[in-house]
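Data block below; observations after.
2 protein chains.
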Amino acid sequence: MAHAAVPTVLQLVQSNSLPALVQVEIEQLILSGELAVGQRVNESDLALRFGTSRGPIREALRALEECRLVRSEKNRGVFVREISVAEADEMYDVREALDELIGQRVAERVTPDQLRDLKAASMAMDETTATHDIKRYHALNLKFHDMLVEFAGNARLTETYRLLTKGLLLFRLRGLQGGGGFAVSNSEHKAVLEAIASGDSARAGQLLRQHAIESRARMHRAAAAPTEK
Amino acid sequence: MAHAAVPTVLQLVQSNSLPALVQVEIEQLILSGELAVGQRVNESDLALRFGTSRGPIREALRALEECRLVRSEKNRGVFVREISVAEADEMYDVREALDELIGQRVAERVTPDQLRDLKAASMAMDETTATHDIKRYHALNLKFHDMLVEFAGNARLTETYRLLTKGLLLFRLRGLQGGGGFAVSNSEHKAVLEAIASGDSARAGQLLRQHAIESRARMHRAAAAPTEK
DNA sequence: TAACTGTAGATTGTCGACAATCTTCAGTAC
DNA sequence: GTACTGAAGATTGTCGACAATCTACAGTTA
Chain A
4 MAHAAVPTVL
14 QLVQSNSLPA
24 LVQVEIEQLI
34 LSGELAVGQR
44 VNESDLALRF
54 GTSRGPIREA
64 LRALEECRLV
74 RSEKNRGVFV
84 REISVAEADE
94 MYDVREALDE
104 LIGQRVAERV
114 TPDQLRDLKA
124 ASMAMDETTA
134 THDIKRYHAL
144 NLKFHDMLVE
154 FAGNARLTET
164 YRLLTKGLLL
174 FRLRGLQGGG
184 GFAVSNSEHK
194 AVLEAIASGD
204 SARAGQLLRQ
214 HAIESRARMH
224 RAAAAPTEK
Chain B
4 MAHAAVPTVL
14 QLVQSNSLPA
24 LVQVEIEQLI
34 LSGELAVGQR
44 VNESDLALRF
54 GTSRGPIREA
64 LRALEECRLV
74 RSEKNRGVFV
84 REISVAEADE
94 MYDVREALDE
104 LIGQRVAERV
114 TPDQLRDLKA
124 ASMAMDETTA
134 THDIKRYHAL
144 NLKFHDMLVE
154 FAGNARLTET
164 YRLLTKGLLL
174 FRLRGLQGGG
184 GFAVSNSEHK
194 AVLEAIASGD
204 SARAGQLLRQ
214 HAIESRARMH
224 RAAAAPTEK
């Protein structure tokens, strides 16, 4: 079969245990903003919501704490983590280094099919800049970078990168969601793709790092602006 | 006070909850090799050992699973993770990128006191190469790199790096612990320290990355050798 | 002997309950 | 009105128990 990485619900329930299922569910709640940043997470409520006891919920929360998506205070509960600008800066520092590595690796081992998918995503983003569909641009942008790290062919790198991305996503939820610069951002994507297509590993790495740097700058500008909608 | 990062036992027990305490305890068991690589971890045994019920144990194990120190199979239990050479290679890929960043940052912001500590550690390693005290060299080497990442002044980078280091440590426990090259390794340390002392950020980054690359090569040589003691 | 089957024991998965702690808020004193 | 006190309610921390599942092994059959 072509798509081996799509497990059925049956397999999911059989292989993953309840805490694991609950974990991704809670993660969605956090990353979608349904559980507000800084808010306390009530174990009983979640247990009720998912139809389980508190045990599995607690296990899931402990895992999410390790992901740094929540923090825990003894006898007070767990809270959705709030990321400061300083912390986001730290993450960007690491992300820049990883992005350079990703660019290099992808340029070395990308397949024609993968390159096609990347270009398709970039073109889709072009459309959203025309229609100013910010939400969709973000989703595509996330998908684009997720594909990139996936295509780098290093599972540990993927894990590390995704962990960072989740943290940055959490930061964006803090409210100061940056507007502007979509067209610019996507033009950077295209430059990266060009370097990748030409197999220029060093250049692809540099360009993807530069993209992360610019992305950080956009983040700062958005954070500095009062609160644009 | 000079050293603020040394909490008393009282603070530890009051702030951290039982699962957190148990987690570091189990982590020690794994990293010290008392829980063998690949071995199944028995929840009841651990509960008995730490004088708790299985609840806190399970929470700790879920956190350790997120650290990738153990893996979990539904209805079969959790196992101490065994790292393959291929996985170790992946980790080194990421580590090399991070080490370059670390070298750069430390060169930019190291204090005289910190530099003194680093040099002291390097000198201590020199002594162990003379006496062929491999165990002590490894401990000092770990401490040396831990200091470096700490002095880079980026908490998220530290977390990311330590996670990787734990994984690599787990790999070493797999048996094929590399001998040889200690003197060479430490001479690389000294070159890094020189670049740091001179404030040459780019060079310090390159040298620390190169050190990681050589370290990976040493790992490969050790893995290729049958099983030298 | 080899392969299969079924049972006993061990282990994990999940739950409900209770104690410890925190939070809230009404009541009181000044 | 403000600050303190204490009790009621809510929430977390931990435990022991039971069901579901897996593992090991003795017994059976060919």
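Chains as they are written, first to last, in my numbering: chain A, 4 to 232; chain B, 4 to 232.
Built from N, CA and C at the ideal position, the CB exists for glycine as well.
Check: Exposed or buried, what is Gly208 (chain B) when buried is set at 16 or more other beta-carbons lying within 10 Å of its beta-carbon?; Outcome: buried
Check: Using beta carbons (cut-off 9 Å, strictly below), is Val97 (chain B) in contact with chain A?; Outcome: yes
Check: From this set, B:Asp129, B:Lys122 and B:Glu46, which residue's C-alpha is nearest Asn78 (chain B)'s C-alpha?; Outcome: B:Glu46
Check: Measure the C-alpha to C-alpha separation of Gly202 (chain A) and Glu99 (chain A) and round it to an integer number of angstroms.; Outcome: 20 Å
Check: Find out if the Cβ-Cβ distance for the pair Leu104 (chain A), Asp92 (chain B) is shorter than 9 Å.; Outcome: no
Check: Give the straight-line distance between the Cα atoms of Ala110 (chain B) and Ala215 (chain B), rounded to the nearest whole angstrom.; Outcome: 17 Å
Check: If we count the other Cβ atoms within 10 Å of its Cβ and call it buried at 16 or more, is Phe41 (chain B) buried or exposed?; Outcome: Reading off the sequence shown, one finds Gly at residue 41 (chain B), where the question assumed Phe. Classification of Gly41 (chain B): exposed, given that the 10 Å Cβ count is below 16.
Check: Taking the straight line between their C-alpha atoms, what separation do you get for Val113 (chain A) and Glu153 (chain A)?; Outcome: 10 Å
Check: Whose C-alpha, out of B:His141, B:Leu64, B:Gln117 and B:Ala127, is nearest the C-alpha of Leu151 (chain B)?; Outcome: B:Gln117
Check: Alpha carbon to alpha carbon, how far is His192 (chain A) from Gln107 (chain B)? Give it in angstroms, no decimals.; Outcome: 27 Å
Check: Among A:Ile199, A:Ala227, A:Asp129 and A:Leu67, which has the Cα closest to the Cα of Gly170 (chain A)?; Outcome: A:Leu67
Check: So, at 8 Å on beta carbons, what are the nonlocal neighbours of Thr55 (chain B) in its own chain, with the 5 sequence-adjacent residues on each side left out?; Outcome: Leu21 and Val25
Check: Return the chain-ordered ranges of every alpha helix (DSSP H) run that is complete within the segment 86–164 of chain B and spans a minimum of 4 residues.; Outcome: 88–112, 115–134 and 137–154
Check: List, in order along the chain, the chain B residues whose C-beta lies closer than 9 Å to that of Leu104 (chain A)?; Outcome: Asp96, Val97, Glu99 and Ala100
Check: For Leu167 (chain A) versus Leu72 (chain A), is the C-beta spacing smaller than 9 Å?; Outcome: no
Check: Taking DSSP as the reference, what is the three-state secondary structure of Val187 (chain A)?; Outcome: helix
Check: Just checking my contact of Asn189 (chain B) with Thr134 (chain B) at CB under 8 Å: how many whole Å lie between their CB atoms?; Outcome: That belief does not hold up - the Cβ atoms of Asn189 (chain B) and Thr134 (chain B) are roughly 13 Å apart, past 8 Å.
Check: Counting only beta-carbon atoms, is Asn157 (chain A) nearer than 9 Å to chain B?; Outcome: yes
Check: If you draw a straight line from the C-alpha of Thr163 (chain B) to the C-alpha of Ile199 (chain A), how long is it?; Outcome: 27 Å
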